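> Right, I'll just put the structure down here and ask away after.
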Amino acid sequence: ALALSPDDSVKCLGLVALAFSPVWLVIWSIGSSFVLRHADRITWGWFAPGVTTVLIDCLGQQQGVWRFPPAFLSGIGSGYLKLDIFLVYMVSTFAVTGTGAVIL
1 ALALSPDDSV KCLGLVALAF SPVWLVIWSI GSSFVLRHAD RITWGWFAPG
51 VTTVLIDCLG QQQGVWRFPP AFLSGIGSGY LKLDIFLVYM VSTFAVTGTG
101 AVIL
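When the letters of the sequence shown are read in order and numbered with the working numbering, they come out as residues 1 to 104.
Dropping the structure here:
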């Protein structure tokens, strides 16, 4: 429903949710027992690099290294911290951390 909304900002959030769902499903179906036993380690292994990546992105925007076109953002955010960008970086970091943890 989110991806089919006529509002572009809602579509952005829907696409992030749509991309996240299969990642979580794969990680959970392959390694659910591992994920439950090591949730604290996986959380820190995901959260610390994810937040660092978001902060580096905000710094890059502030320094004028890159910009994201407003048409592709939901408009929800504060200063250089945009919800869409935060979600994309956190989801991609989770995908790497989660699959790496399950594989190892």
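From the three backbone atoms N, C-alpha and C, an ideal C-beta is built for every residue, glycine too.
These figures come from a predicted structure and were not determined experimentally.
Using three-state DSSP, classify residue 74 as helix, strand or coil.
Numbered from its first residue, the sequence shown carries residue 74 at position 74. Of the three classes helix, strand and coil, the one that applies to residue 74 here is coil, per DSSP.
> For residue 81, which beta-bridge partners are listed by DSSP?
In the sequence shown, the residue the question calls residue 81 occupies position 81. BP columns for residue 81 point to 78.
> Residue range of the alpha helix (DSSP H) that residue 51 falls in?
Taking the first residue of the sequence shown as 1, we reach residue 51 at position 51. Note, residue 51: alpha helix (DSSP H), 39-62.
> Okay, do the segment 83-97 and the segment 54-72 touch, 3+ Cβ pairs below 8 Å being the bar?
At 8 Å Cβ cutoff, the stretches touch.
> With distance defined between alpha-carbon atoms, name the residue in 18, 81 and 42 nearest to residue 99.
Numbered from its first residue, the sequence shown carries residue 99 at position 99. Answer by Cα proximity: 42.
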